[in-house]
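Peer 1:
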Amino acid sequence: MEEKVQIAKENMDEKIFKLTTKDVYKKLNTREEGLTLQEVQANREKYGKNAITEKKGKPAILVLMSNFVSLMALLLWAGGIIAIVADMVELGVAIFLVNIINGVFSFWQEHRAGKATEALKKMLPSYARVIRDNQEQQILAEDLVPGDIMLVEEGDKISADARVIASSDLQVNQSTLTGESNPVRKTHDPIMRDGLSKSETPNLIFTGSSVASGTAKAVVVSIGMETEFGKIANLTQTMKEELSPLQKELNLLTKQISMIALSMGIIFFITAIFFVKEPIAEAFIFSLGMVVAFIPEGLLPTVTLSLAMAVQRMAKENALVKRLSAVETLGCTTVICSDKTGTLTQNEMTVNNLWLPGKELKVTGLGYAPVGKILYENKELYAENDEDLKILLTAASLCSNARIVPPNDESDRYTVLGDPTEACLGVVAQKAGIDTINQINLTPRIRELPFDSRRKRMSTIHNLSTPIGGCERIAYIKGAPKEVLELCTSINKNGDKQELSDSQRNEIMEANDRYARNGLRVLAVAYRHLTKECNLPKSLSSYTPELIEQDMTFVGLVVMADPPRPEVKDAVELCHRAKIRIIMITGDYGLTAESIAKRIGIVESNHPRIVSGVELEKMSDDDLKKVLKDEVIFARVAPEQKYRIVCNLQELGHIVAVTGDGVNDSPALKKADIGVAMGISGTDVAKEAADMILTDDNFASIVKAIEEGRAVYSNIRKFLLYILNSNTPEAVPSAAFLLSKGNIPLPLTVMQILAIDLGTDMLPALGLGAELPEKGVMEKPPRSRTEILMNKKTVIKAFLWYGLLESVIAMGAYFFVNILNGWPNVPLASSGIVYKQATTMTLASIVFCQIGAVLNCRTENESVFKIGIVANKKIVTGIVFEVLLISAIIYIPFLQNIFNTVAIGFKEWIYLIVLPFPILLLEEGRKAISRKLSRVKKVNDKRLVI
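The numbering of the sequence shown is the working numbering, which starts it at 2 and goes up by one.
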């Protein structure tokens, strides 16, 4: 296998693009007649099949099973078994169900089906046409071998990487490799230039690309996994699946809580044996209750359901999330590596200026819809009123092969058939009032001299329905301004043909340079009347560029650009405020990328660093890391280079989001912490590799998703705080029992603890997960990677603030029942109806305290009254649910038997109904003090600055 790889690499690396056709044949041991059958068989043994091989991942069953052997899971399995052995079957079954639910939810959260390779395979053709033994044959694409002579024509998908040896007007769509949808012209001539990337090399064609026009004969150079397409597949497959930041934090949180729970269980077990003198079996069951009290069994299901709700909200904002944990990853994103075309721009080339001798015109309207105006000195101009404008736009639109398709059943917008650069010429002509269809009929094309990279222009010859001065034919030309201007001897001005002066040449080139510096694309337009005096041959096939493209009349310049999306600038500004860097990585040219980046605010310096793919290839990783610390734009990059940029950013400690739409983007999308594929323009491969799909292909939707991601993390911490609040009041009754040496009968049973953790707390916690982003969430920097969910502040608030408040109230409820029944004149009830009433009140008081706590947890420092105490309908529903559930546990006989409860009276209900208010008001007081201290600190900080 290594030998095959080495041979395949040698074929491409020895600059086969510089060789003549004869040398190409010699290099690959082939000939014009193609390989013989024996040579094909020998090459197949040497190189293998032309196929994308799929590497097997970890079986889904193993992924599922791994979720049942974590530290918390093992702890719960052991606890369930012990509970059953100790004749507490209900408790054991409940713990097992908790474990199963946690495992299934974790599997759902982590598992992703690896369909990217399958999608890649679908993009490859099934058959190929070759010449073998001097005969044209159709063979299976997988049977191609290096040295085969491959034939391609318009509409064909290319089956292998190959060197073109003969071609006619060949244009290839290479978006699978570059992400740029414009067709690329190819030639069969040797290329002597160095410094070109493979995709830029004009005589190489690649697997997975398609022929937009023309025909070609090419010699196969690389096949299978050694093609550029195969390398993308290999990168996508071999990438190790990384845990998201949230998954890592939940793992850490699980360990933290498991260790706390286990430690508390051991402490209480030892205390029960040596201090209270409990039998070992009873002490163990008791300590198990403490473990259950401290483990938030509903944490993982609650997190997952909260993420699922966030996914639903994001779908309404045009962001479809495939992997739940990706929601939160967005919230800690520090860098967005964004494509340009279609994401930051509209992917609709638009003419925005026209230059005519003596005047510059502005064109309004964006995209391919023929809606807009042509303005000169703020006055609308039409072709029928301006002869120069009419000639410019007639020539430009006729010298074009693209056409615009109006909205139809398949699309609700104007679309393009052909080159987008040419399509916009027809659009601007229609804006000037020219009927392009009628113009084609009046001036039919009879010959085309196609564009090629050497001439940098194309020409078309047309019959004139109304001959001018004996002229029956006219040639229109468009192309690079410098090359077109060199062919011109005259200029069209005010409807007259005048001799072109040197000063006018300089004026034209100055205008071109000014537009080019702004990253705009400029085409020059000229014409030539083909009169009898031109002495041209009668046969149209004899018309050559050398005969036609001379003595031209210059008309003007057409200036165009792919306009930025209007909402992107505000989104970029919001990213800057949120301290999120944006790095543009594009397959387009550097100047164009820089212009767009400056226009929408991605770069703020006058001279940002622009790194080309060729330059990047020569950089070491250390050099690249230095570049990544400054403002930089990457242009003309290859797929593996985009992947490399992402890797280096991650090594610098960044959480990286990557946007992409093509096959070329799939390795980077999969490697990124959050891969974002385009839903409209994106390929199936990109969508399969990504974590999130934008249904509107809009960068602004990413920023909305980041805001949602930040809110999700904040909400996860809110409901973590909420469910941890009840741990202390669940543990204090057991501590009271132990420290009193059993004189205070156990105020809360293990099943009652589970009723809180898996019953009453669940829906209000989910309601917290539905909280909208707090004001100013995008004014803060991304959270630090070292920040953890259960931080010091959360622990203090949960265990020492809310926990102690609820513990005092819960124990007060326990003693309240005993007081109503004669305590302290009679001993505390240790059995019977009074004892059950006391434990029921302890349970119910914790539930009602949690009502106040859930309202408090909605905000960190803002008053809950300011945002609307009942604004979150899911929390209101959750509160109603927990009141109904605790009522059912108290009054339904079947549930009374399970949870050791009894009915309570009117006085007890009055006590419970009052409980949420002190919890709510005390926390509102704390928040008010915190806000005041924060304002004082800001004032003092300003004074220090002054």
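Don't be surprised by glycine CBs; every beta carbon is placed ideally from N, CA and C. Quick caveat, the model's predicted, so the values are computed rather than measured.
Unbroken alpha helix (DSSP H) runs of length 4 or more, entirely within the region 268-354: which are they?
Peer 2: Fully enclosed alpha helix (DSSP H) runs of 4 or longer: 281-295, 300-317, 327-332.
Peer 1: Which same chain residues, not among the five before or five after Gly332, have their C-beta less than 7 Å away from its C-beta?
Peer 2: Ile707, Gly710, Arg711, Val713, Tyr714
Peer 1: Looking at Lys672: is its Cβ nearer than 9 Å to the Cβ of Tyr644?
Peer 2: yes
Peer 1: Please name the residue, chosen from Asp589, Tyr477, Met193, that lies closest to Pro546 on a Cα-to-Cα basis.
Peer 2: Pro546 has its Cα closest to that of Tyr477, out of Asp589, Tyr477, Met193.
Peer 1: In angstroms, rounded to a whole number, what distance separates the CA positions of Asn51 and Ala129?
Peer 2: 11 Å
Peer 1: If you draw a straight line from the alpha carbon of Lys735 to that of Ser264, how long is it in whole angstroms?
Peer 2: Looking at the sequence itself, residue 735 is Ser, so the reference to Lys does not match. Taking the straight line joining both Cα atoms gives about 15 Å.
Peer 1: If I'm right that Pro609 touches Glu595 with Cβ under 8 Å, what's the distance once you round it to whole angstroms?
Peer 2: 7 Å
Peer 1: Determine the direct distance from the alpha carbon of Val556 to that of Tyr528, and round the result to whole angstroms.
Peer 2: Distance between the alpha carbons of Tyr528 and Val556 is about 7 Å.
Peer 1: From Thr335 to Ala219, what distance separates their C-alpha atoms?
Peer 2: 45 Å
Peer 1: Tell me whether the beta-carbon of Pro917 lies closer than 9 Å to the beta-carbon of Phe849.
Peer 2: yes
Peer 1: In the DSSP assignment, find the unbroken alpha helix (DSSP H) run with Arg446 in it and report its ends.
Peer 2: Not the alpha helix (DSSP H): Arg446 falls in the beta strand (DSSP E), residues 446-453.
Peer 1: Check Val417 in the structure and name its three-state DSSP category.
Peer 2: strand
Peer 1: When the distance is taken between beta carbons, is Pro730 closer than 9 Å to Phe882?
Peer 2: no
Peer 1: Thr188: which of Gln897, Leu178, Leu465, Asn204 sits nearest, CA to CA?
Peer 2: Nearest option by C-alpha distance: Asn204.
Peer 1: Consult DSSP for His463 and reduce its assignment to one of helix, strand or coil.
Peer 2: strand
Peer 1: Would you say Thr490 and Thr444 are within 9 Å of each other, going by their C-beta atoms?
Peer 2: no
Peer 1: What residues match up with Gly480 in a beta bridge as DSSP calls it?
Peer 2: Arg458, Ala525, per the DSSP bridge assignment.
Peer 1: Straight-line CA distance for Ile581 to Leu629?
Peer 2: 14 Å
Peer 1: Tell me whether the region 428-437 and the region 498-505 touch, counting them as touching only if at least three CB pairs, one residue from each stretch, are closer than 8 Å.
Peer 2: no
Peer 1: Let's test the definition: count the other Cβ atoms within 10 Å of the Cβ of Arg164 and tell me whether it reaches 16, buried, or not, exposed.
Peer 2: Classification of Arg164: buried, given that the 10 Å Cβ count is 16 or more.
Peer 1: What does DSSP give as the partner residue(s) for Trp356 in the beta ladder?
Peer 2: Glu361, Leu558
Peer 1: Taking the CB atoms as reference points, tell me whether Leu382 and Leu393 lie closer together than 9 Å.
Peer 2: no
Peer 1: Taking 8 Å as the limit between beta carbons, can you name the residues of its chain near Ala701, skipping five residues before and five after?
Peer 2: Arg566, Glu568, Val569, Asp571, Ala572
Peer 1: Would the region 748-758 count as touching the region 852-870 if we require 3 or more Cβ pairs under 8 Å?
Peer 2: no
Peer 1: Take every Cβ of the region 130-137, pair it with every Cβ of the region 36-53, and state whether three or more of those distances are shorter than 8 Å.
Peer 2: Enough Cβ pairs lie closer than 8 Å, so yes.
Peer 1: What's the call for Phe720, buried or exposed, on a 16-neighbour Cβ count within 10 Å?
Peer 2: The residue is buried, with at least 16 neighbouring Cβ atoms inside 10 Å.
Peer 1: Run the CB neighbour count on Asp162, radius 10 Å, all protein chains shown included, and call it buried at 16 or more, exposed below.
Peer 2: buried
Peer 1: Considering only DSSP beta bridges, list what Gly676 is partnered with.
Peer 2: Val659
Peer 1: Return yes when the Cβ of Ile876 is within less than 9 Å of the Cβ of Val903, no when it is not.
Peer 2: For Val903 and Ile876, no; Cβs fall outside 9 Å.
Peer 1: With 16 other CB atoms within 10 Å as the buried threshold, where does Glu154 fall?
Peer 2: exposed
Peer 1: In the DSSP assignment, the beta strand (DSSP E) including Asn493 goes from what residue to what residue?
Peer 2: 489-494
Peer 1: Leaving out five residues on either side along the sequence, give the residues of the same chain with a beta carbon under 8 Å from the beta carbon of Glu250.
Peer 2: Ile789, Leu790
Peer 1: Would you tell me roughly how many angstroms separate the C-alpha atoms of Gly760 and Ile847, rounded to the nearest one?
Peer 2: Rounded to whole angstroms, the gap between the alpha carbons of Gly760 and Ile847 is 13 Å.
Peer 1: Looking only at its chain, what residues have a beta carbon closer than 7 Å to the beta carbon of Leu541, apart from the 5 residues adjacent to it on each side?
Peer 2: Ile447, Arg448
Peer 1: Report all residues from its chain with a CB closer than 7 Å to the CB of Leu722; omit the five preceding and five following residues, and keep chain order.
Peer 2: Thr795, Lys798, Ala799, Cys858
Peer 1: Name the two residues that bound the continuous beta strand (DSSP E) containing Asp170.
Peer 2: 162-174
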